[in-house]
Amino acid sequence: MPPSCGAFLWLLLAGTGQAQQVTLAHSGRPTATLVLQANAPDRLTQAADDLQAYVKKISDVELPLNRDGKRVNGTGLYLGLCEPSLDTDVPDAKLNPETYAIRVRDGNVFFAGRYPTPAAFAVYSFIEGSLGVRWFAPGDAWEYVPQGKPGELTVEVREVVATPDTSPRIWSGHAWVDSWQRWNLRNKTVMSEVVPRRQFQNNLHRVFPPDKYGKTNPEFYPLINGQRWIPAPDDAHWRPCESNPEVVRLTVEYARKWFDDHPNVDSFSVGMDDISHLCSCPNCRALDPHADSYEKREFSDRHYKFVNAVAREVAKTHPDRYIGTLIYAIARELPETVPKLEDNVFGYITETSALWWQDGRKEADHELTRQWAERCKHLSRYDYYGMGTFAPRLYPHAMAAQLKFDKSLGLEGMYTEVYTFLPHTAPMIWAFAKMQWDASLDIDQLLAEFYTKAFGKAAGTMAQYYSLLERSWNTPRPGRDGWVHRNLVRQALSISPDDCDAGMALLDKAYAEADTDLAPQRIDTARAALLYASYPTKEYGLSQKLIADSVADEREAESMLSQVEQLMRLSAERQKLWAAAMDRPDLLGENLRGLGGHGYLVTGQVAKVESGGAIGALKALAWYADQAPERLPQVKARFAKTAPEGDVANAVNAYLWVAENKPPNLAANPGFEDRGENAAAAEKDWETKGAPKGWSLWSRAGNTDFRVQSGVGRDGSAAAVLTGGSGGTYLQTVRAAPGEHYLVTCWAKSGAPAGEVVGQFGIRFQKPGGGWHERRDLEPQVDLVESNDWQMLSLFITVPEGAGSFVLMPGSGPLGEEASVLFDDVAACRLKQG
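By our numbering, the letter at position 626 of the sequence shown is numbered 631, and the numbering carries on one by one without gaps.
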């Protein structure tokens, strides 16, 4: 019944007892007291404060809050273990430790759990279910509080014992600031103090620290290219020699001590993640199913043999504990020679439900999960929701379908890399939080509730808007593969320019329809977020056209220059809007600062979507230089006079200035011609052995071939070549000072099979004392385009505060067996200030 009637009916499917009425306020006075257990921890204290605050917002009456846990006269709402609590108030110990209970006895309400966090869950379920409050996104601007009758508040409460359908619920990348952390607690996405089967991530590097075993037992570490590879102390991306019986024995001993030292933790991890170095000794290779499994990086068989070996031994001394692993990457496919995992093993299987728009992807994911569910008694899910993209990545129906499918197979917990952009995805993320507790909920009903309560009379138009975002995300486009993690081009392809325009029109319409105090603010945030995301999308389309078009006459040269100027204007607008958005005091600003502060925002890659500006300008200028040299000064002056301040204009003007003034090249051995000995000490995990003089090498997995080859450079000279494997980069550090501007260029040529493109050129900033600069979003990078010719890759950079150098990085991602990429004539030129 509506709040204005002074009563709320809380219908809980889990409830078994008869509902009782509890009056909290009458005639403007409190008729109940909130009682918080003594010395309550932060989460339960926050729940008590929130319950008091929302009762007051609804009824305009503040309930007294006692923080001593003592019995009170009259009606009491007891939070946690208080004086009148009974042992039977707490959920049975046989139930999931995240279970909470709400008990009604003698006119009092008891919020209980075996641990403080589940007791807080009980309170927040009461605030949602009985008081009708919703927290659609972090911050006061996104909460929904029903309007009650001033001075009056009566609730009908039914006893309930509730266990989440998904446990544990592990959310990473969704707690940037305090308001986001409060949202997580209020929506019960946080974990209890004790949860089942949680430890499954990369952990073995802690069992075998190189400072303990590196010198005495090098045989514990992976054999790479015929030598035992001893990792750096902070390197976690490796596996020990898993066929070594001593490695198994020490892992078991470590796990047993872990369990003894952590009596409330039921699991120990022998899992992995993005592993680069694995052992190639004959005994480890014998664990693989095929002679070439190592070369193909197919390691499921050896991994699960090791997991089972550890699990069998641990079960002998700790039969109630579990061994966890991640079912991912090199060990995601089913092993051929391991028919079943031990019963005390659990696994988190990775999946990207966001990519189910790809043909056959959903069906393949489902089939693999089904087969793993037959082999692993305790299976859970691992998924990637946001990937740090600021482009719309909204797919609530796929999200809901995944949850329901997983529950049909009995999957238990879920680890979610959230890292989402809430101005686009808030309806999906809120619904996800609800469905993790109750997977039977209907996604369309949840979305309808969000739109109605968040946007009032604009709900219908906002529903159309979010449907547009979902439809656009699920639409295949040329060049798009959907893996948007730290890749601005793929983010730009997440939505079409036409859909950006259609979305803005819907948001303008919704803004005009808004009829509540907060709806216009929420819509304005969504509108600013879409505008933020639309610039790379529109710039990339124009940039690609400039790259593809040729100039054969003056008409085409003029058309090219006009398009370059259009891209310059977009770039200048984007630069101003992006800078202002970072400082916004709303959900958009918080999201940008959160992703940017943790290195997930890839705005520094904007050169990838704007590179056509410089290329197009140079094409047109080259035509004038060859065909109408008398007009070339006029064209150059046109750029200098009319180009707006922005990244594209800066890049073009920097190139023109360097061509005219010829400043010194600060890059050492820029053409890789000096074959002298490279005696420099290697930084970090780089290598100088085998590198060209003045350069270092870094490889992802040690399987990429680096060499300097004569006769293949631009003018028949030498070139640096990367071939095959997982990819890597050449590196050279250039000293610099904050505020300085540089033009850095590199010539590159792709040697990939037809239809494939490999190779990139970028920079990263370093602090004066060493170590990477924290602002990854300021570090530009540009990719090669599909072509058989040499290409000039150029970057305009401004050294940020806190940086003392930048690192030149011509390199490539995974190259495969046949692909290669060539580099020549690297340049780093400091530009005249001002």
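In this text, a Cβ means the ideal position worked out from N, Cα and C, and glycines have one as well.
ARG835 is bridged by DSSP to TYR747. Restricted to the segment 350-383, the alpha helix (DSSP H) segments that are unbroken, complete and at least 4 residues in length are 366-380, listed in chain order.
For ALA167, the enclosing beta strand (DSSP E) begins and ends at 165-167. For ALA30, the enclosing beta strand (DSSP E) begins and ends at 25-31. PRO819 and GLY732 do touch by the CB rule: their CB atoms are close to 5 Å apart, below 8 Å.
Short of 6 Å from the beta carbon of GLY81, and not among the five residues preceding or following it, lie these beta carbons of its own chain, in chain order: THR38, VAL40 and ASN113.
Exposed is the label assigned to ASN793, since fewer than 16 other Cβ atoms lie within 10 Å of its Cβ. Between the segment 201-217 and the segment 657-671 there are fewer than three inter-stretch CB-CB distances shorter than 8 Å, so the stretches are not counted as touching. If you draw a 10 Å sphere on the C-beta of SER817, you find 16 or more other C-beta atoms in it, and that means buried. Around the beta-carbon of GLY365, fewer than 16 other beta-carbon atoms lie within 10 Å, marking it exposed. Excluding its 5 nearest sequence neighbours in each direction, TRP628 has C-beta neighbours in its own chain below 7 Å: VAL556 and ALA562, listed in chain order. Here the C-alpha atom of VAL826 lies approximately 21 Å from the C-alpha atom of ALA553.
Look at the segment 112-169 and you find these whole runs of beta strand (DSSP E), each 3 residues long or longer: 113-118, 158-162 and 165-167. One Cα belongs to ALA463, the other to GLY508, and the distance between them is close to 14 Å.
Non-local beta-carbon contacts of ARG482 in its own chain, meaning distances under 8 Å to residues more than five positions away in sequence, involve LEU498 and SER501 in chain order. In the three-state reduction of the DSSP assignment, ASN249 falls in the coil class. Remark: C-beta atoms of GLY681 and LYS694 do not approach each other more closely than 8 Å. It is roughly 13 Å from the alpha-carbon of HIS429 to the alpha-carbon of LEU597.
Residue state for ASN666 is assigned as helix, using DSSP reduced to three classes.
If only uninterrupted beta strand (DSSP E) runs of at least 3 residues are considered, those enclosed by the segment 692-735 are 701-704, 710-714 and 724-730. Straight-line measurement puts the Cα of PRO649 at about 13 Å from the Cα of SER567. When DSSP states are grouped into helix, strand and coil, TRP752 belongs to the strand group. Just measuring C-alpha positions, the residue of GLN407, MET467, PRO638 and ILE335 sitting nearest LYS367 is GLN407. The distance from the Cβ of GLN838 to that of GLY809 is about 18 Å, inconsistent with a contact at the 8 Å cut-off.
When Cβ pairs closer than 8 Å are counted between the two stretches, the segment 178-195 is seen to touch the segment 590-606, the count reaching three or more. The three-state secondary structure of SER825, taken from DSSP, is strand. Contact between TYR400 and GLU422 does not hold, since their C-beta atoms are separated by about 15 Å, which reaches or exceeds 8 Å. Within the same chain, and ignoring the five residues on either side of HIS31 in sequence, the residues whose Cβ sits closer than 7 Å to its Cβ are GLU157. Straight-line measurement puts the Cα of GLY461 at about 6 Å from the Cα of ASP520. Collapsing the DSSP output to three states places ALA180 in coil. Taking C-beta atoms as the reference points, LEU671 and CYS834 count as a pair closer than 8 Å. Taken atom to atom, the span from the alpha-carbon of PHE141 to that of VAL109 is near 29 Å. The shortest CA-to-CA distance from ASP170 to any of LEU446, ARG579, PRO525 and THR803 is the one to LEU446. For TYR537, the closest C-alpha among the options ASP522, TRP583 and LEU493 is that of TRP583. Residue burial is scored here from C-beta neighbours: ASP720 has fewer than 16 other C-beta atoms within 10 angstroms and is therefore classed as exposed.
By alpha-carbon distance to LEU575, the top candidate from GLY546, ASP558 and PRO590 is GLY546.
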